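Data first, discussion second: the structure below is written as C-alpha coordinates.
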Amino acid sequence: MIKIEPFGPLATGITRALSIDTAIAEPVQPHRDGAQDPQAYKAYLRGKYVFDHMNSASDVDIALGLYRQAVSLEPALVEAYAGIGEVLLHQGKYDPAIRELQAGLAEARQRGRRPDEVAILKLLSRAHDRLGNWQEALDEGHRAVEIARDLGDLAGEADSLGQIISVLRKQSKNDLAMAMFQRVVEINRQLDDHEKILSALFEMGTLYVNMNDHTRARGLFEEALGAAQEQGNQSLIAQGMTLVGAACVREGNYSEGMRYFREGLEIGRRIGDQDRIGECTADIGIIHVIWGEYHEALKYLEAAVEMAHAAGSRRAKAISLISLAHAEGMLGKYDRAITHATEAASIAGDLNLSDISVLAMNCVGDMHLYHGDHERAARQFKDAITFAEKTETRILVDSSLIGLATAFTQALASSASLACAERALKEAAKSNDPSARFISSAYIGAAEVRLHDFESGIEKLYDSYSEAQKNGDFYEELRVQRLLGEALFHNAPTSHDREQGRRILQNALASATAREVPHEIRWINKILSSSE
1472 MIKIEPFGPL ATGITRALSI DTAIAEPVQP HRDGAQDPQA YKAYLRGKYV
1522 FDHMNSASDV DIALGLYRQA VSLEPALVEA YAGIGEVLLH QGKYDPAIRE
1572 LQAGLAEARQ RGRRPDEVAI LKLLSRAHDR LGNWQEALDE GHRAVEIARD
1622 LGDLAGEADS LGQIISVLRK QSKNDLAMAM FQRVVEINRQ LDDHEKILSA
1672 LFEMGTLYVN MNDHTRARGL FEEALGAAQE QGNQSLIAQG MTLVGAACVR
1722 EGNYSEGMRY FREGLEIGRR IGDQDRIGEC TADIGIIHVI WGEYHEALKY
1772 LEAAVEMAHA AGSRRAKAIS LISLAHAEGM LGKYDRAITH ATEAASIAGD
1822 LNLSDISVLA MNCVGDMHLY HGDHERAARQ FKDAITFAEK TETRILVDSS
1872 LIGLATAFTQ ALASSASLAC AERALKEAAK SNDPSARFIS SAYIGAAEVR
1922 LHDFESGIEK LYDSYSEAQK NGDFYEELRV QRLLGEALFH NAPTSHDREQ
1972 GRRILQNALA SATAREVPHE IRWINKILSS SE
(Lines of atoms letter the chains of each structure in order from A and count residues from 1; the text may use other names and numbers.)
(Lines give C-alpha, C1' and ligand atoms only; values in the text may rest on other atoms or scores of the structure.)
Protein backbone atom coordinates (compact mmCIF):
# COMPACT_ATOMS: atom_id res chain seq x y z
CA MET A 1 0.00 0.00 0.00
CA ILE A 2 1.23 3.53 -0.81
CA LYS A 3 1.39 5.70 2.25
CA ILE A 4 0.20 9.26 1.55
CA GLU A 5 1.47 11.95 3.88
CA PRO A 6 -1.39 14.20 5.07
CA PHE A 7 -0.09 17.37 3.46
CA GLY A 8 2.16 16.01 0.72
CA PRO A 9 1.72 17.14 -2.92
CA LEU A 10 0.28 13.79 -4.00
CA ALA A 11 -2.30 13.83 -1.21
CA THR A 12 -3.19 17.43 -1.99
CA GLY A 13 -3.68 16.64 -5.67
CA ILE A 14 -5.90 13.63 -4.96
CA THR A 15 -7.94 15.59 -2.47
CA ARG A 16 -8.49 18.36 -4.99
CA ALA A 17 -9.39 15.83 -7.67
CA LEU A 18 -11.99 14.16 -5.45
CA SER A 19 -13.36 17.42 -4.06
CA ILE A 20 -15.06 18.34 -7.32
CA ASP A 21 -17.55 15.48 -6.88
CA THR A 22 -19.86 18.00 -5.22
CA ALA A 23 -19.85 20.08 -8.39
CA ILE A 24 -21.04 17.14 -10.53
CA ALA A 25 -24.72 16.41 -10.53
CA GLU A 26 -25.66 12.83 -9.70
CA PRO A 27 -26.36 10.81 -11.66
CA VAL A 28 -24.11 12.22 -14.39
CA GLN A 29 -25.66 12.10 -17.81
CA PRO A 30 -23.61 11.21 -20.89
CA HIS A 31 -21.88 14.36 -22.14
CA ARG A 32 -22.04 13.59 -25.87
CA ASP A 33 -23.84 11.18 -28.13
CA GLY A 34 -22.07 7.83 -27.99
CA ALA A 35 -20.58 8.26 -24.52
CA GLN A 36 -22.51 5.84 -22.28
CA ASP A 37 -20.52 5.64 -19.02
CA PRO A 38 -21.18 8.47 -16.50
CA GLN A 39 -18.12 7.44 -14.48
CA ALA A 40 -15.93 8.01 -17.52
CA TYR A 41 -17.10 11.58 -17.85
CA LYS A 42 -16.67 12.14 -14.13
CA ALA A 43 -13.06 10.92 -14.36
CA TYR A 44 -12.52 13.26 -17.32
CA LEU A 45 -13.88 16.25 -15.35
CA ARG A 46 -11.64 15.42 -12.39
CA GLY A 47 -8.62 15.22 -14.67
CA LYS A 48 -9.44 18.53 -16.34
CA TYR A 49 -9.95 20.26 -13.00
CA VAL A 50 -6.62 19.06 -11.60
CA PHE A 51 -4.69 19.92 -14.77
CA ASP A 52 -6.28 23.36 -15.13
CA HIS A 53 -5.47 24.17 -11.48
CA MET A 54 -2.12 22.38 -11.21
CA ASN A 55 0.39 23.50 -8.62
CA SER A 56 2.84 20.62 -8.83
CA ALA A 57 4.14 17.92 -11.15
CA SER A 58 2.16 15.36 -9.17
CA ASP A 59 -1.04 17.14 -10.24
CA VAL A 60 -0.04 16.53 -13.86
CA ASP A 61 0.46 12.81 -13.22
CA ILE A 62 -2.88 12.61 -11.43
CA ALA A 63 -4.64 14.36 -14.33
CA LEU A 64 -3.06 11.97 -16.84
CA GLY A 65 -4.18 8.97 -14.80
CA LEU A 66 -7.75 10.28 -14.62
CA TYR A 67 -7.86 10.97 -18.36
CA ARG A 68 -6.59 7.46 -19.10
CA GLN A 69 -9.16 6.04 -16.72
CA ALA A 70 -11.89 7.92 -18.63
CA VAL A 71 -10.73 6.51 -21.97
CA SER A 72 -10.54 2.97 -20.60
CA LEU A 73 -14.10 3.27 -19.31
CA GLU A 74 -15.46 4.94 -22.44
CA PRO A 75 -13.39 4.95 -25.68
CA ALA A 76 -15.99 7.25 -27.27
CA LEU A 77 -15.12 10.07 -24.83
CA VAL A 78 -13.07 12.09 -27.31
CA GLU A 79 -12.34 14.96 -24.91
CA ALA A 80 -10.31 12.56 -22.76
CA TYR A 81 -8.00 11.85 -25.69
CA ALA A 82 -7.46 15.58 -26.03
CA GLY A 83 -6.72 15.77 -22.31
CA ILE A 84 -4.12 13.00 -22.56
CA GLY A 85 -2.51 14.75 -25.51
CA GLU A 86 -2.38 18.08 -23.68
CA VAL A 87 -0.75 16.53 -20.61
CA LEU A 88 1.84 14.73 -22.74
CA LEU A 89 2.66 18.00 -24.51
CA HIS A 90 3.13 19.63 -21.10
CA GLN A 91 5.53 16.82 -20.19
CA GLY A 92 7.51 17.29 -23.40
CA LYS A 93 6.46 13.89 -24.80
CA TYR A 94 5.59 15.09 -28.29
CA ASP A 95 5.56 11.87 -30.31
CA PRO A 96 3.36 9.98 -27.78
CA ALA A 97 1.09 13.03 -27.70
CA ILE A 98 0.67 12.88 -31.47
CA ARG A 99 -0.27 9.19 -31.32
CA GLU A 100 -2.92 9.80 -28.66
CA LEU A 101 -4.28 12.85 -30.45
CA GLN A 102 -4.50 11.04 -33.78
CA ALA A 103 -6.52 8.29 -32.07
CA GLY A 104 -8.83 10.91 -30.64
CA LEU A 105 -9.11 12.65 -34.01
CA ALA A 106 -10.17 9.41 -35.66
CA GLU A 107 -12.87 8.95 -33.00
CA ALA A 108 -14.06 12.53 -33.39
CA ARG A 109 -14.35 12.23 -37.17
CA GLN A 110 -16.08 8.86 -36.99
CA ARG A 111 -18.69 10.28 -34.62
CA GLY A 112 -19.01 13.64 -36.38
CA ARG A 113 -17.85 15.64 -33.36
CA ARG A 114 -16.52 18.69 -35.15
CA PRO A 115 -15.97 20.87 -32.01
CA ASP A 116 -13.73 18.13 -30.57
CA GLU A 117 -11.98 17.91 -33.93
CA VAL A 118 -11.04 21.60 -33.61
CA ALA A 119 -9.53 21.08 -30.15
CA ILE A 120 -7.54 18.02 -31.20
CA LEU A 121 -6.29 19.58 -34.44
CA LYS A 122 -5.04 22.58 -32.46
CA LEU A 123 -3.11 20.31 -30.09
CA LEU A 124 -1.70 18.32 -33.01
CA SER A 125 -0.51 21.58 -34.52
CA ARG A 126 1.22 22.44 -31.24
CA ALA A 127 2.92 19.04 -31.11
CA HIS A 128 4.24 19.38 -34.66
CA ASP A 129 5.33 22.93 -33.84
CA ARG A 130 7.43 21.66 -30.93
CA LEU A 131 9.02 19.03 -33.19
CA GLY A 132 9.78 21.58 -35.90
CA ASN A 133 7.39 19.99 -38.40
CA TRP A 134 6.27 23.39 -39.65
CA GLN A 135 4.14 22.36 -42.60
CA GLU A 136 2.25 19.74 -40.60
CA ALA A 137 1.75 22.29 -37.83
CA LEU A 138 0.37 24.85 -40.27
CA ASP A 139 -1.85 22.31 -42.03
CA GLU A 140 -3.43 21.10 -38.78
CA GLY A 141 -3.85 24.67 -37.54
CA HIS A 142 -5.56 25.86 -40.72
CA ARG A 143 -7.91 22.84 -40.66
CA ALA A 144 -8.88 23.74 -37.10
CA VAL A 145 -9.54 27.39 -38.05
CA GLU A 146 -11.67 26.35 -41.02
CA ILE A 147 -13.88 24.03 -38.94
CA ALA A 148 -14.16 26.55 -36.09
CA ARG A 149 -15.35 29.24 -38.49
CA ASP A 150 -17.91 26.85 -40.02
CA LEU A 151 -19.22 26.18 -36.52
CA GLY A 152 -19.13 29.80 -35.41
CA ASP A 153 -16.75 28.69 -32.64
CA LEU A 154 -14.95 31.94 -31.79
CA ALA A 155 -12.85 30.46 -28.98
CA GLY A 156 -11.73 27.59 -31.19
CA GLU A 157 -10.88 30.01 -33.99
CA ALA A 158 -8.80 32.23 -31.69
CA ASP A 159 -6.91 29.28 -30.17
CA SER A 160 -6.15 27.80 -33.56
CA LEU A 161 -5.02 31.13 -35.00
CA GLY A 162 -2.75 31.56 -31.99
CA GLN A 163 -1.11 28.24 -32.74
CA ILE A 164 -0.59 29.19 -36.40
CA ILE A 165 0.98 32.47 -35.25
CA SER A 166 3.45 30.52 -33.11
CA VAL A 167 4.67 28.69 -36.22
CA LEU A 168 4.77 31.81 -38.41
CA ARG A 169 6.78 33.66 -35.79
CA LYS A 170 9.45 30.98 -35.75
CA GLN A 171 9.62 31.23 -39.54
CA SER A 172 10.02 35.03 -39.29
CA LYS A 173 6.77 35.63 -41.21
CA ASN A 174 6.07 38.61 -39.02
CA ASP A 175 3.60 40.60 -41.13
CA LEU A 176 1.28 37.65 -41.65
CA ALA A 177 1.47 36.73 -37.96
CA MET A 178 0.70 40.29 -36.83
CA ALA A 179 -2.36 40.45 -39.07
CA MET A 180 -3.69 37.27 -37.44
CA PHE A 181 -2.97 38.66 -33.97
CA GLN A 182 -5.48 41.45 -34.42
CA ARG A 183 -8.21 38.86 -34.95
CA VAL A 184 -7.11 36.77 -31.95
CA VAL A 185 -7.13 39.72 -29.55
CA GLU A 186 -10.47 40.92 -30.95
CA ILE A 187 -12.09 37.52 -30.35
CA ASN A 188 -10.67 37.05 -26.84
CA ARG A 189 -11.80 40.50 -25.77
CA GLN A 190 -15.25 39.78 -27.22
CA LEU A 191 -15.36 36.55 -25.20
CA ASP A 192 -13.87 38.29 -22.14
CA ASP A 193 -11.40 35.41 -21.80
CA HIS A 194 -8.64 36.93 -19.69
CA GLU A 195 -6.36 33.88 -19.76
CA LYS A 196 -6.42 33.71 -23.55
CA ILE A 197 -5.81 37.46 -23.76
CA LEU A 198 -2.68 37.01 -21.64
CA SER A 199 -1.42 34.18 -23.83
CA ALA A 200 -1.98 36.37 -26.90
CA LEU A 201 -0.09 39.25 -25.30
CA PHE A 202 2.90 36.99 -24.61
CA GLU A 203 2.90 35.75 -28.19
CA MET A 204 2.49 39.26 -29.59
CA GLY A 205 5.40 40.47 -27.46
CA THR A 206 7.60 37.73 -28.86
CA LEU A 207 6.63 38.83 -32.34
CA TYR A 208 7.70 42.40 -31.49
CA VAL A 209 11.07 40.94 -30.45
CA ASN A 210 11.39 39.45 -33.95
CA MET A 211 10.63 42.92 -35.34
CA ASN A 212 13.31 44.55 -33.09
CA ASP A 213 10.72 46.55 -31.15
CA HIS A 214 12.08 45.48 -27.76
CA THR A 215 10.53 48.33 -25.76
CA ARG A 216 7.00 47.43 -26.82
CA ALA A 217 7.75 43.73 -26.33
CA ARG A 218 8.89 44.18 -22.74
CA GLY A 219 5.85 46.33 -21.97
CA LEU A 220 3.53 43.58 -23.17
CA PHE A 221 5.46 40.88 -21.28
CA GLU A 222 5.36 42.79 -17.99
CA GLU A 223 1.67 43.68 -18.39
CA ALA A 224 0.73 40.07 -19.06
CA LEU A 225 2.98 38.72 -16.28
CA GLY A 226 1.39 41.04 -13.73
CA ALA A 227 -2.09 39.93 -14.76
CA ALA A 228 -1.07 36.24 -14.67
CA GLN A 229 0.26 36.71 -11.12
CA GLU A 230 -3.04 38.28 -10.08
CA GLN A 231 -4.90 35.29 -11.52
CA GLY A 232 -2.45 32.81 -9.99
CA ASN A 233 -2.02 30.91 -13.28
CA GLN A 234 1.28 29.10 -12.65
CA SER A 235 1.88 28.09 -16.26
CA LEU A 236 1.41 31.65 -17.53
CA ILE A 237 3.49 33.05 -14.67
CA ALA A 238 6.39 30.77 -15.63
CA GLN A 239 6.05 31.78 -19.27
CA GLY A 240 6.01 35.46 -18.32
CA MET A 241 9.07 35.05 -16.09
CA THR A 242 10.97 33.55 -19.01
CA LEU A 243 9.96 36.26 -21.46
CA VAL A 244 10.65 39.19 -19.11
CA GLY A 245 14.00 37.58 -18.29
CA ALA A 246 14.85 37.43 -21.99
CA ALA A 247 13.91 41.11 -22.32
CA CYS A 248 16.27 41.93 -19.44
CA VAL A 249 19.10 40.08 -21.17
CA ARG A 250 18.54 42.02 -24.40
CA GLU A 251 18.86 45.23 -22.38
CA GLY A 252 22.07 44.02 -20.72
CA ASN A 253 20.42 43.50 -17.30
CA TYR A 254 21.86 40.02 -16.86
CA SER A 255 21.45 39.73 -13.08
CA GLU A 256 17.80 40.67 -13.34
CA GLY A 257 17.37 38.26 -16.24
CA MET A 258 18.96 35.47 -14.22
CA ARG A 259 16.52 36.10 -11.37
CA TYR A 260 13.53 35.78 -13.69
CA PHE A 261 14.92 32.63 -15.33
CA ARG A 262 15.54 30.96 -11.98
CA GLU A 263 12.02 31.76 -10.82
CA GLY A 264 10.62 30.47 -14.11
CA LEU A 265 12.68 27.30 -13.76
CA GLU A 266 11.46 26.76 -10.20
CA ILE A 267 7.81 27.07 -11.25
CA GLY A 268 8.40 24.90 -14.32
CA ARG A 269 9.89 22.14 -12.17
CA ARG A 270 7.10 22.39 -9.65
CA ILE A 271 4.34 21.97 -12.24
CA GLY A 272 6.33 19.64 -14.50
CA ASP A 273 6.32 21.99 -17.52
CA GLN A 274 9.10 20.47 -19.64
CA ASP A 275 9.14 23.26 -22.23
CA ARG A 276 9.65 25.85 -19.50
CA ILE A 277 12.27 23.74 -17.73
CA GLY A 278 14.27 23.30 -20.93
CA GLU A 279 14.00 26.94 -21.99
CA CYS A 280 14.99 28.36 -18.59
CA THR A 281 17.86 25.86 -18.25
CA ALA A 282 19.24 27.02 -21.60
CA ASP A 283 18.75 30.70 -20.73
CA ILE A 284 20.59 30.31 -17.42
CA GLY A 285 23.44 28.61 -19.28
CA ILE A 286 23.61 31.48 -21.77
CA ILE A 287 23.95 34.03 -18.96
CA HIS A 288 26.82 32.01 -17.49
CA VAL A 289 28.48 32.23 -20.93
CA ILE A 290 27.98 36.01 -20.93
CA TRP A 291 29.51 36.25 -17.48
CA GLY A 292 32.51 34.17 -18.54
CA GLU A 293 31.56 31.30 -16.22
CA TYR A 294 32.13 28.69 -18.90
CA HIS A 295 32.35 25.52 -16.80
CA GLU A 296 29.06 26.39 -15.09
CA ALA A 297 27.54 27.20 -18.47
CA LEU A 298 28.46 23.75 -19.78
CA LYS A 299 26.41 22.06 -17.05
CA TYR A 300 23.24 23.90 -17.94
CA LEU A 301 23.67 23.86 -21.70
CA GLU A 302 24.53 20.16 -21.88
CA ALA A 303 21.39 19.47 -19.83
CA ALA A 304 19.33 21.73 -22.13
CA VAL A 305 20.58 19.88 -25.22
CA GLU A 306 19.74 16.52 -23.64
CA MET A 307 16.24 17.64 -22.67
CA ALA A 308 15.52 19.05 -26.12
CA HIS A 309 16.83 15.87 -27.77
CA ALA A 310 14.77 13.61 -25.50
CA ALA A 311 11.63 15.63 -26.26
CA GLY A 312 12.34 15.74 -29.99
CA SER A 313 12.28 19.56 -29.95
CA ARG A 314 14.73 20.21 -32.76
CA ARG A 315 14.57 24.00 -32.76
CA ALA A 316 15.30 24.17 -29.02
CA LYS A 317 18.12 21.67 -29.49
CA ALA A 318 19.72 23.75 -32.26
CA ILE A 319 19.66 26.92 -30.15
CA SER A 320 21.15 25.12 -27.14
CA LEU A 321 23.81 23.46 -29.30
CA ILE A 322 25.01 26.86 -30.54
CA SER A 323 25.26 28.24 -27.01
CA LEU A 324 27.01 25.07 -25.88
CA ALA A 325 29.48 25.42 -28.76
CA HIS A 326 30.32 28.98 -27.70
CA ALA A 327 31.07 27.83 -24.14
CA GLU A 328 33.20 24.96 -25.44
CA GLY A 329 35.08 27.27 -27.78
CA MET A 330 35.96 29.63 -24.95
CA LEU A 331 37.54 26.69 -23.12
CA GLY A 332 39.55 25.61 -26.17
CA LYS A 333 37.36 22.65 -27.14
CA TYR A 334 37.27 23.80 -30.77
CA ASP A 335 36.58 20.48 -32.49
CA ARG A 336 33.66 19.66 -30.20
CA ALA A 337 32.33 23.18 -30.66
CA ILE A 338 32.48 22.93 -34.45
CA THR A 339 30.74 19.54 -34.32
CA HIS A 340 27.91 20.96 -32.21
CA ALA A 341 27.56 24.15 -34.26
CA THR A 342 27.54 22.11 -37.48
CA GLU A 343 24.81 19.87 -36.06
CA ALA A 344 22.80 22.99 -35.19
CA ALA A 345 23.26 24.30 -38.73
CA SER A 346 22.00 20.98 -40.11
CA ILE A 347 18.89 21.08 -37.92
CA ALA A 348 18.24 24.71 -38.86
CA GLY A 349 18.59 23.83 -42.53
CA ASP A 350 16.12 20.97 -42.22
CA LEU A 351 13.64 23.24 -40.46
CA ASN A 352 14.25 26.21 -42.77
CA LEU A 353 15.20 28.45 -39.83
CA SER A 354 17.41 31.08 -41.44
CA ASP A 355 18.20 33.02 -38.24
CA ILE A 356 19.49 29.91 -36.45
CA SER A 357 21.43 28.92 -39.59
CA VAL A 358 23.28 32.25 -39.54
CA LEU A 359 23.97 31.93 -35.80
CA ALA A 360 25.43 28.47 -36.36
CA MET A 361 27.54 29.62 -39.31
CA ASN A 362 28.92 32.53 -37.27
CA CYS A 363 29.71 30.15 -34.43
CA VAL A 364 31.74 27.89 -36.75
CA GLY A 365 33.55 30.98 -38.03
CA ASP A 366 34.39 32.00 -34.46
CA MET A 367 35.85 28.56 -33.77
CA HIS A 368 38.13 28.83 -36.82
CA LEU A 369 39.24 32.23 -35.53
CA TYR A 370 39.99 30.90 -32.06
CA HIS A 371 41.90 28.01 -33.59
CA GLY A 372 44.03 30.51 -35.52
CA ASP A 373 42.77 29.77 -39.05
CA HIS A 374 41.70 33.25 -40.15
CA GLU A 375 41.38 32.23 -43.81
CA ARG A 376 38.77 29.53 -43.12
CA ALA A 377 37.08 31.90 -40.68
CA ALA A 378 36.85 34.61 -43.34
CA ARG A 379 35.28 32.20 -45.83
CA GLN A 380 32.77 31.07 -43.23
CA PHE A 381 31.73 34.61 -42.34
CA LYS A 382 31.44 35.56 -46.01
CA ASP A 383 29.15 32.57 -46.53
CA ALA A 384 27.09 33.64 -43.51
CA ILE A 385 26.71 37.17 -44.90
CA THR A 386 25.67 35.86 -48.32
CA PHE A 387 23.14 33.51 -46.75
CA ALA A 388 21.75 36.21 -44.43
CA GLU A 389 21.28 38.62 -47.33
CA LYS A 390 19.71 35.94 -49.52
CA THR A 391 17.24 34.94 -46.82
CA GLU A 392 16.72 38.54 -45.63
CA THR A 393 17.97 37.70 -42.13
CA ARG A 394 19.25 41.25 -41.70
CA ILE A 395 19.24 41.20 -37.91
CA LEU A 396 22.37 38.98 -37.80
CA VAL A 397 24.43 40.52 -40.62
CA ASP A 398 26.24 42.78 -38.13
CA SER A 399 27.59 39.75 -36.22
CA SER A 400 28.87 38.14 -39.42
CA LEU A 401 30.54 41.40 -40.48
CA ILE A 402 32.21 41.76 -37.09
CA GLY A 403 33.53 38.21 -37.42
CA LEU A 404 34.89 39.03 -40.87
CA ALA A 405 36.49 42.23 -39.56
CA THR A 406 38.17 40.13 -36.84
CA ALA A 407 39.51 37.69 -39.43
CA PHE A 408 40.94 40.54 -41.50
CA THR A 409 42.47 42.07 -38.35
CA GLN A 410 44.26 38.80 -37.63
CA ALA A 411 45.48 38.73 -41.23
CA LEU A 412 46.76 42.34 -40.81
CA ALA A 413 44.46 43.43 -43.64
CA SER A 414 43.56 46.71 -41.95
CA SER A 415 41.75 48.39 -44.86
CA ALA A 416 39.50 45.37 -45.37
CA SER A 417 38.86 45.17 -41.62
CA LEU A 418 37.93 48.86 -41.54
CA ALA A 419 35.45 48.46 -44.40
CA CYS A 420 33.75 45.47 -42.71
CA ALA A 421 33.61 47.18 -39.33
CA GLU A 422 32.11 50.36 -40.78
CA ARG A 423 29.42 48.34 -42.53
CA ALA A 424 28.79 46.35 -39.33
CA LEU A 425 28.29 49.61 -37.42
CA LYS A 426 25.58 50.68 -39.88
CA GLU A 427 23.86 47.30 -39.59
CA ALA A 428 24.07 47.44 -35.77
CA ALA A 429 22.32 50.82 -35.82
CA LYS A 430 19.48 49.27 -37.85
CA SER A 431 19.14 46.29 -35.52
CA ASN A 432 19.46 48.47 -32.40
CA ASP A 433 22.15 46.20 -30.95
CA PRO A 434 24.32 48.19 -28.49
CA SER A 435 26.88 45.40 -28.12
CA ALA A 436 27.38 45.15 -31.89
CA ARG A 437 27.72 48.95 -32.04
CA PHE A 438 30.59 49.24 -29.60
CA ILE A 439 32.36 46.14 -30.92
CA SER A 440 32.13 47.49 -34.48
CA SER A 441 33.43 50.84 -33.30
CA ALA A 442 36.35 49.12 -31.56
CA TYR A 443 37.40 47.37 -34.77
CA ILE A 444 37.06 50.64 -36.66
CA GLY A 445 39.33 52.25 -34.08
CA ALA A 446 41.88 49.43 -34.25
CA ALA A 447 42.00 49.65 -38.05
CA GLU A 448 42.37 53.46 -37.98
CA VAL A 449 45.29 53.17 -35.57
CA ARG A 450 47.03 50.70 -37.91
CA LEU A 451 46.29 52.99 -40.86
CA HIS A 452 48.06 55.88 -39.05
CA ASP A 453 45.05 57.79 -37.74
CA PHE A 454 46.07 57.22 -34.14
CA GLU A 455 44.11 59.99 -32.39
CA SER A 456 40.77 59.13 -33.99
CA GLY A 457 41.27 55.40 -33.59
CA ILE A 458 42.41 55.43 -29.98
CA GLU A 459 39.46 57.66 -28.99
CA LYS A 460 37.05 55.12 -30.49
CA LEU A 461 38.81 52.30 -28.65
CA TYR A 462 38.64 54.06 -25.28
CA ASP A 463 34.95 54.87 -25.82
CA SER A 464 34.24 51.27 -26.83
CA TYR A 465 36.10 49.92 -23.82
CA SER A 466 34.03 52.14 -21.52
CA GLU A 467 30.84 50.82 -23.10
CA ALA A 468 32.07 47.23 -22.86
CA GLN A 469 32.76 47.62 -19.15
CA LYS A 470 29.19 48.83 -18.59
CA ASN A 471 27.72 46.06 -20.74
CA GLY A 472 28.64 43.20 -18.42
CA ASP A 473 29.59 40.67 -21.12
CA PHE A 474 32.94 39.22 -20.06
CA TYR A 475 34.27 38.27 -23.48
CA GLU A 476 33.14 41.44 -25.23
CA GLU A 477 34.99 43.46 -22.62
CA LEU A 478 38.06 41.23 -22.86
CA ARG A 479 38.47 41.52 -26.62
CA VAL A 480 37.97 45.31 -26.66
CA GLN A 481 40.51 45.51 -23.84
CA ARG A 482 42.94 43.50 -25.97
CA LEU A 483 42.37 45.70 -29.02
CA LEU A 484 42.95 48.85 -26.95
CA GLY A 485 46.06 47.47 -25.28
CA GLU A 486 47.52 46.32 -28.59
CA ALA A 487 46.87 49.69 -30.25
CA LEU A 488 48.68 51.54 -27.47
CA PHE A 489 51.48 48.99 -27.09
CA HIS A 490 52.34 48.90 -30.80
CA ASN A 491 51.36 52.33 -32.06
CA ALA A 492 51.33 54.95 -29.29
CA PRO A 493 53.75 57.84 -29.97
CA THR A 494 55.01 58.08 -26.37
CA SER A 495 56.69 55.53 -24.12
CA HIS A 496 54.19 56.38 -21.38
CA ASP A 497 51.26 55.40 -23.58
CA ARG A 498 53.05 52.26 -24.78
CA GLU A 499 53.61 51.24 -21.17
CA GLN A 500 49.92 51.89 -20.51
CA GLY A 501 49.16 49.52 -23.37
CA ARG A 502 51.37 46.86 -21.76
CA ARG A 503 49.51 47.19 -18.46
CA ILE A 504 46.15 46.90 -20.20
CA LEU A 505 47.34 43.76 -22.01
CA GLN A 506 48.66 42.24 -18.81
CA ASN A 507 45.33 42.85 -17.09
CA ALA A 508 43.57 41.24 -20.06
CA LEU A 509 45.94 38.28 -19.84
CA ALA A 510 45.15 37.84 -16.15
CA SER A 511 41.41 37.84 -16.91
CA ALA A 512 41.80 35.36 -19.77
CA THR A 513 43.93 33.09 -17.60
CA ALA A 514 41.47 33.20 -14.70
CA ARG A 515 38.59 32.22 -17.02
CA GLU A 516 40.68 29.65 -18.94
CA VAL A 517 40.31 31.19 -22.42
CA PRO A 518 43.28 29.69 -24.30
CA HIS A 519 43.00 31.56 -27.60
CA GLU A 520 43.02 34.93 -25.84
CA ILE A 521 45.97 33.84 -23.70
CA ARG A 522 47.80 32.85 -26.87
CA TRP A 523 46.97 36.07 -28.73
CA ILE A 524 47.86 38.38 -25.84
CA ASN A 525 51.15 36.60 -25.16
CA LYS A 526 52.00 36.95 -28.85
CA ILE A 527 51.34 40.69 -28.72
CA LEU A 528 53.38 41.15 -25.54
CA SER A 529 56.34 39.22 -26.97
CA SER A 530 56.50 41.37 -30.11
CA SER A 531 56.76 45.03 -30.99
CA GLU A 532 56.62 47.09 -34.17
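Residue numbers (this note's numbering): 1472 to 2003. Glycine included, each C-beta is placed from N, C-alpha and C at the ideal position. Since we're looking at a predicted model, the values are computed, not measured.
- Query: Would VAL1531 pass as a contact of GLY1743 if the rule is Cβ separation under 8 Å?
  - Reply: yes
- Task: Note down the Cα distance separating GLN1705 from GLY1820, rounded to an integer number of angstroms.
- Result: 35 Å
- Query: How many angstroms separate the CA atom of TYR1946 from the CA atom of GLN1562?
  - Reply: 36 Å
- Touching by the beta-carbon criterion (3+ pairs, under 8 Å), the segment 1666–1674 and the segment 1684–1696: yes
- Message: Quick check: LEU1632 and VAL1655, are their CB atoms within less than 8 Å of each other?
- Response: yes
- Straight-line gap, ARG1580 to ILE1591 (C-alpha atoms, nearest Å): 11 Å
- Query: Mapping DSSP to helix, strand and coil, what is VAL1920?
  - Reply: helix
- Does DSSP put SER1876 in a helix, a strand or coil? For the record, residue 1876 in the displayed sequence is Ala; it is not Ser. Note: ALA1876 maps to helix in three-state DSSP.
- Task: Since I believe LEU1976 is in contact with ARG1953 (beta carbons under 8 Å), could you give me their beta-carbon distance rounded to a whole number of angstroms?
- Result: 7 Å
- Message: Strictly under 8 Å for the Cβ-Cβ distance: is ALA1671 near chain B by that measure?
- Response: This model lacks chain B altogether, as it is built from one protein chain only.
- Query: Which word fits GLU1926, buried or exposed, when buried means at least 16 other C-beta atoms lie within 10 angstroms of its C-beta?
  - Reply: exposed
- LEU1647 - containing alpha helix (DSSP H), residue span: 1645–1662
- Taking only runs that begin and end inside the segment 1499–1573, name each unbroken beta strand (DSSP E) of 3 or more residues, in chain order. none
- Candidates GLU1970, TYR1805 and ASP1924: closest to PRO1989 by CA position: TYR1805
- Query: Based on Cα-Cα distance, which residue from GLY1800, SER1527, GLU1578 and LEU1824 lies nearest to ARG1785?
  - Reply: LEU1824
- Task: Would you give the residue range spanned by the alpha helix (DSSP H) that ASN1962 belongs to?
- Result: 1945–1962
- Item | Option nearest ARG1741 by Cα separation, candidates SER2001, SER1527 and ARG1986 | SER1527
- Query: Looking at C-alpha atoms only, which residue of ASN1683, SER1794 and ALA1781 is the closest neighbour of LEU1830?
  - Reply: SER1794
- Quick one: which unbroken alpha helix (DSSP H) runs of 4-plus residues sit fully inside the segment 1964–1993? Chain order, please. 1966–1985
- N- and C-terminal bounds of the alpha helix (DSSP H) containing GLN1700: 1685–1702
- Message: Quick check on ASP1566: buried or exposed, where buried means 16 or more other Cβ atoms within 10 Å of its Cβ?
- Response: exposed
- Out of LEU1822, GLU1777 and GLU1764, point me to the one whose CA is closest to TYR1797's CA. Reading off the sequence, residue 1797 comes out as His, not Tyr. For the residues LEU1822, GLU1777 and GLU1764, the minimum Cα distance to HIS1797 belongs to GLU1764.
- Message: Would SER1888 and ALA1907 be called neighbours here (beta carbons separated by less than 8 Å)?
- Response: no
- Item | Own chain partners of ASN1659 with C-beta closer than 7 Å, once the 5 adjacent residues on each side are dropped | ALA1629, LYS1667, ILE1668 and ALA1671
- Task: Look at the Cβ atom of SER1912, then the Cβ atom of LEU1896, and state whether they are nearer than 8 Å.
- Result: yes
- Compare the C-alpha of ALA1979 against each of THR1677, ASN1645 and LEU1999 and name the closest. LEU1999
- Item | For ALA1985, the nearest candidate out of LEU1932, ASP1610 and MET1801 (CA to CA) | MET1801
- Would you mind reading off the limits of the alpha helix (DSSP H) that contains SER1794? 1785–1801
- Message: Nearest by alpha-carbon distance to ALA1709: which of LEU1867, TYR1515 and GLY1749 is it?
- Response: GLY1749
- Query: Taking the alpha helix (DSSP H) that GLY1716 falls in, what are its first and last residues?
  - Reply: 1705–1721
- Query: Who are the Cβ neighbours of TRP1605 in its own chain at under 8 Å, not counting the five residues just before and after it?
  - Reply: HIS1599, VAL1638, LYS1641, GLN1642, LEU1822 and ASN1823
- Query: With burial defined as no fewer than 16 other Cβ atoms inside 10 Å of the residue's Cβ, what is the status of ASP1621: buried or exposed?
  - Reply: exposed
- Same chain only: Cβ atoms within 8 Å of PRO1964, ignoring 5 sequence neighbours per side: PHE1925
- Expected contact under 8 Å - CB spacing of VAL1521 and ALA1534 to nearest Å: 4 Å
- Query: Just to confirm, are VAL1920 and ALA1958 a CB contact at a threshold of 8 Å?
  - Reply: yes
- Query: Can you tell which of ASN1903, MET1525, SER1982 and GLY1874 has its C-alpha closest to the C-alpha of CYS1891?
  - Reply: GLY1874
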